[in-house]
Amino acid sequence: MLKNPFKKTSIADKYKKLVSEINDLESHVKTLTDSELRNKTNQLKKRYQEEQNLNALIAESFAVTREASSRTLGLRHFDVQLIGGLVLNSGKIAEMRTGEGKTLVATLPAYLNALTTKGVHIVTVNEYLANRDQTSMGQIYRFLGLNTGLIQEKMMTSERRQNYDADITYVTNNELGFDYLRDNMALNIRDVVLRPFNYCIVDEVDSVLIDEAQTPLIIANSVKTSIDKYIIASEITDYLEVNTHFEIDEKNKNVILTNQGALQIEEILGIQDLYNPRDPWIPYIINAIRASSLFFRDVHYILQNNQIVIVDEFTGRMMPDRRWSDGLHQAVEAKEGVPIRQTTETTASITYQNFFLVYPKLAGMTGTAKTAEVEFDKIYNLPVEEIPTARPNLRRDLPDRIYKDEFSKWNAIAKECKSISKVEQPILIGTTTVEKSEMLGQLLNEYQLPYQVLNAKPENVRRESEIVAQAGKKGSITIATNMAGRGTDIILGGNIQFKVRKDLYNTLVSYKYQKKLNKVNGIFPSSKKFKGISQRFLSVLNSLINDDKFLNLSDVEVLKILNESELIRVPKISYQCSMKFLINELIDFEKKTQKLENVIVKNLGGLYIIGTERNDSRRIDNQLRGRCARQGDPGTSRFFLSIEDKLIRLFGDSKLENVLKSQLLDDLPLESNLVTKILDSAQKRIEERNYELRKNLFDYDDILNKQRNVVYYERRKILESESVRAKILAYGEQVISEIIEELRRKKFITNQIIFRLENLLGTNLLLNLESKFNIDFNNFDPLELQTYLFQEFWLSYESKVVELEIQHLGLIREFERTLILIYMDREWKEHLQKMSLLRDAVGWRKYGQRDPLFEYKDEAYNLFKCRGLVTRHLVIYEILRSSIL
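Heads up: the sequence shown at position 462 corresponds to 462 in the UniProt record's numbering, and the numbers run straight through without jumps.
Quick look at the structure:
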């Protein structure tokens with residue numbers, strides 16, 4: 001650790017005073033007993049209730065959290081980690097390098113903001129990290145008297161509500177977003193799980209707010225699907241040729257059908273018009289061509305259980321709950337010959353861009369945010385602060401090596417692995433797709449090099465944490481798709497936690513199985529694995545394997561307890577206590593070996609990172625590089641490229657192409673600063689282009705988001721109200737006023753006025769007086785007519801309420817609330833579909849020199865007004881005609 005982390009660091013200077021205050025309090029809090037330290041929580045809560053000022057509690061709360069961490073986890077926050085916590089508390093993004101302890105840093109602002117009793121959400125990118133962090137960091141909060149929650153995929157509504165009501169809740173971005181949408185579709189307040197948002201810390205914030213910004217969260221219902229058309233369209237692609245019948249726009253992942261192609265397809269189908277609105281074929285054809293030309297197995301998706309499972313292009317992880325929209329997913333299913341599932345229609349949706357802006361206070365942390373700081377600031381109002389490292393960064397980033405073709409590149413990577421493996425320096429190779437990771441594995445087989453593969457295949461995902469944790473072991477070669485395994489530290493020399501648990505699990509399960517078959521007695525046999533370990537260890541081991549309760553555990557339960565045993569502060573069951581002891585003894589036993597291995601790997605140069613392709617964003621490349629040289633360790637990174645790589649092929653300029661063609665020879669690589677600068681420039685252009693796409697999406701979605709906020713606010717008010725009588729009356733009066741105004745403006749005759757009102761409000765209104773007594777409504781004062789119709793509506797409504805109450809006492813109020821919510825949801829669903837069509841339509845208006853965004857905004861307002869009008873009419877119509885059988 002640096003003696004002075006503040007030296008020449010502006011961010012450190014900014015928070016120097018607060019850090020000093022926290023450090024000054026350390027000697028005092030160390031003297032407190034556990035109960036006195038825990039009581040600090042109540043004191044701080046009371047102070048906040050009185051002063052309503054969190055800033056006044058920062059120094060003391062941070063000092064208390066640091067001391068609680070030391071006592072529970074044995075981890076004391078470094079000064080730079082205090083700075084990270086202060087940055088997070090100020091509603092900013094803390095950029096901290098891999099291994100600098102972001103998970104521990106989050107405990108500081110989380111504890112402080114939990115003192116408000118309004119709740120804190122810590123968002124992670126997958127359930128493993130949420131579970132791990134809640135179990136480990138939760139010990140700090142629970143020691144201080146706070147409770148923690150964890151949201152997992154298969155939880156029931158009551159469990160979700162209970163966990164969201166906790167002081168600090170760990171949840172994935174996916175689950176949190178869908179819970180928000182489901183809450184705003186609930187028909188009963190008891191089905192709502194989230195309380196009002198307060199403070200949120202997003203881990204891997206760049207992955208959530210940048211990489212996934214363009215993918216909306218969607219709740220959808222199945223609709224009738226023309227499966228035959230998907231199958232026929234897929235078969236037609238076999239008779240189409242690229243650049244003759246269609247053209248491929250690889251940059252935008254789109255295809256353009258030529259006139260010749262349209263004629264060819266019409267001839268095959270025996271139809272006259274592909275674009276016939278009554279029987280359209282064009283969307284099926286376009287999706288079929290996209291599926292066959294732009295979406296590939298083991299690149300964009302994998303086959304699992306006879307289903308198409310999307311692979312996240314940024315993380316390399318499976319996304320089983322995601323489906324491509326607008327029929328593309330069905331087109332891919334038809335192409336692969338798997339069962340085609342029903343298409344869907346959207347009932348609720350939101351982008352992460354707008355969802356996280358709902359929080360009054362938002363912060364994030366990641367290892368790579370600086371390259372996207374403009375986007376973070378302009379869209380999310382989240383400035384990025386770079387936190388200094390606790391120890392100097394010793395990573396060496398070697399110049400890129402560029403080859404003339406992919407074959408030469410992959411062969412060079414294999415040779416590099418062969419060369420490096422001779423000295424047993426650990427290697428981590430980052431690939432962009434499942435297909436390439438497996439192809440490289442086959443190539444390493446030819447060189448007889450042992451390796452581990454981590455990609456989206458299910459058999460590899462199950463061992464994700466273990467594979468990544470051991471990537472720093474001497475002599476290991478690990479192939480991983482992009483950033484799979486992100487969130488798990490790579491420890492040089494290997495991670496003994498995983499090794500110990502694996503060895504103990506294999507031993508216990510093997511012995512348990514043999515004992516059940518009566519092949520062994522009650523004494524554990526001697527094992528080379530545990531040679532030299534203490535006699536007490538063997539004694540506890542023998543006692544455990546003779547414990548009937550332990551023997552009745554399933555293998556899965558044994559694994560779960562072993563995985564969590566080092567996190568259990570006070571074991572409650574005897575076999576838990578024994579397993580915790582065994583784990584700790586083995587860790588102590590292995591530490592000497594691990595320390596030696598750590599020194600050896602450091603002397604070898606640390607972890608060697610090999611990148612097999614430049615990504616579209618410098619951020620993703622930096623994430624891969626950041627897997628080595630953690631916490632002052634040495635490390636090396638190098639990228640191997642070829643002219644055939646996507647980045648160079650699609651986005652390289654003629655200058656780059658000329659340089660490469662003139663200098664590349666056969667299998668010899670090129671190392672050139674000029675080429676590296678050109679590639680960096682190409683990446684920057686792609687980043688700017690992608691930013692513009694996301695900014696454009698945000699501008700359009702912001703209009704819909706304002707409407708969504710109005711609907712959700714109104715909906716929540718109705719959901720929480722004891723009675724919606726006032727809302728029904730207001731709807732009725734507004735409907736009458738709208739009809740009178742509309743008919744007055746259009747100068748409709750009296751009979752039409754009567755017809756419109758009677759159609760809506762029923763024939764029990766005394767409008768037939770007009771014919772009986774020769775009354776001319778045109779002679780009525782509009783205000784007088786409106787007042788009369790209001791009174792008649794009130795009487796009709798009260799009459800209906802009495803009628804329903806007689807049939808079923810107390811049901812009317814719940815019935816009214818449910819009715820309004822159902823029609824609000826129905827009209828909102830239709831509104832979303834209209835807005836989607838509108839957005840597609842206005843895009844063409846730029847060719848008429850009109851601003852599509854302005855046109856979208858103008859027409860969206862009219863659609864929204866129409867949605868409200870239709871909802872009111874439907875509710876009043878249904879209320880006055882309702883009956884209970």
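The beta carbon of each residue, even a glycine, is placed where N, CA and C say it ideally should be.
As the structure is a prediction and not an experimental result, all values here were calculated from the model.
What is the rounded straight-line gap between the Cα of residue i and the Cα of residue j?
i: L567; j: I583; result: Bear in mind that a pLDDT of 48 at L567, under 50, signals an unreliable position, so the number given afterwards is only what the model happens to contain. Roughly 11 Å between the two C-alpha positions.
i: K3; j: F78; result: Residue placement at K3 cannot be trusted, given a pLDDT of 43 that sits under 50; what the coordinates show is reported in the next sentence. Distance between the alpha carbons of K3 and F78: 11 Å.
i: F178; j: P216; result: 11 Å
i: Q470; j: P426; result: 10 Å
i: N759; j: E51; result: 59 Å
i: S20; j: S437; result: 49 Å
i: R715; j: V384; result: 36 Å
i: L82; j: H873; result: 58 Å
i: S349; j: F356; result: 14 Å
i: G848; j: D840; result: 15 Å
i: G337; j: Y111; result: 52 Å
i: C866; j: E644; result: 53 Å
i: K717; j: R619; result: 43 Å
i: D547; j: Y575; result: 8 Å
i: L795; j: Y788; result: 11 Å
i: N768; j: L819; result: Only weak support exists for where N768 lies, its pLDDT of 48 falling under 50; the value from the coordinates is given anyway. Using only the alpha carbons, I get a separation of about 30 Å.
i: M155; j: Q214; result: 27 Å
i: D321; j: E235; result: 27 Å
i: K229; j: T343; result: 13 Å
i: N862; j: Y180; result: 27 Å
i: T157; j: L176; result: 13 Å
i: L362; j: T98; result: 22 Å
i: N198; j: N39; result: 24 Å
i: P388; j: A56; result: 25 Å
Bridge partners for residue i per DSSP, in chain order?
i: I285; result: BP columns for I285 are empty, so no partner.
i: S637; result: D397 and I609
i: G200; result: The amino acid at residue 200 is misidentified as Gly; the sequence shows Cys. Per DSSP, H121 and L362.
i: residue 893; result: Past the boundaries of the shown model lies residue 893; the chain is included only from 1 to 885, so the question cannot be answered.
i: V802; result: Paired residues: none, contrary to the question.
i: Q264; result: Q264 is not bridged to any residue.
i: L880; result: Paired residue(s): none; L880 is not in a bridge.
i: R297; result: Y301
i: Y403; result: S642
i: E386; result: E95
i: F246; result: V242 and L257
i: V309; result: I302
i: I429; result: I479 and I610
i: T172; result: T124
i: G149; result: T169
Less than 8 Å between the C-beta atoms of residue i and residue j, yes or no?
i: L454; j: E446; result: no
i: L596; j: G611; result: no
i: G430; j: V601; result: no
i: residue 893; j: I739; result: One cannot answer for residue 893 here, as it falls past the ends of the chain, which runs 1 to 885.
i: T103; j: D206; result: no
i: L32; j: A59; result: no
i: R638; j: I490; result: no
i: Y380; j: L209; result: yes
i: L443; j: A412; result: no
i: L647; j: D621; result: no
Could you round the C-beta distance between residue i and residue j to whole angstroms and report it? I think they count as a contact, below 8 Å.
i: Y797; j: I728; result: 7 Å
i: residue 938; j: K499; result: Residue 938 lies beyond the residue range present for the chain, which begins at 1 and ends at 885; the question has no answer from this structure.
i: T636; j: R396; result: 5 Å
i: N105; j: L88; result: The sequence given here places Val at residue 105; Asn does not occur at that position. V105 to L88, Cβ: 7 Å. Contact.
i: D701; j: N354; result: 6 Å
Does any C-beta atom of chain D lie closer than 8 Å to the C-beta of residue i?
i: I402; result: Among the chains of the structure shown, chain D does not appear; only one protein chain is present.
Three CB pairs or more closer than 8 Å across the segment 364–380 and the segment 687–695 | Under the three-pair Cβ rule at 8 Å, the segment 364–380 counts as touching the segment 687–695.
Does the segment 861–872 touch the segment 822–830, meaning 3 or more C-beta pairs lie closer than 8 Å?
-> The segment 822–830, when compared against the segment 861–872, does touch it at the 8 Å Cβ threshold.
Is it true that the segment 122–130 meets the segment 83–90, where meeting means three or more beta-carbon pairs spaced less than 8 Å apart?
-> The segment 122–130 is not in contact with the segment 83–90.
How about the segment 268–285 and the segment 306–315: do they share at least three Cβ pairs that are nearer than 8 Å?
-> Touching, no, given that fewer than three Cβ pairs across the two stretches are closer than 8 Å.
Would you say the segment 188–196 touches the segment 322–335, given that touching needs at least three Cβ pairs under 8 Å?
-> Too few Cβ pairs lie closer than 8 Å, so no.
Do three or more CB pairs link the segment 247–262 to the segment 281–293 at distances below 8 Å?
-> As far as the Cβ criterion goes, the segment 247–262 touches the segment 281–293, which means the pair count is three or higher.
Meets three-Cβ-pair contact criterion under 8 Å: the segment 158–175 and the segment 114–129 = Cβ pair count under 8 Å is three or more, so yes.
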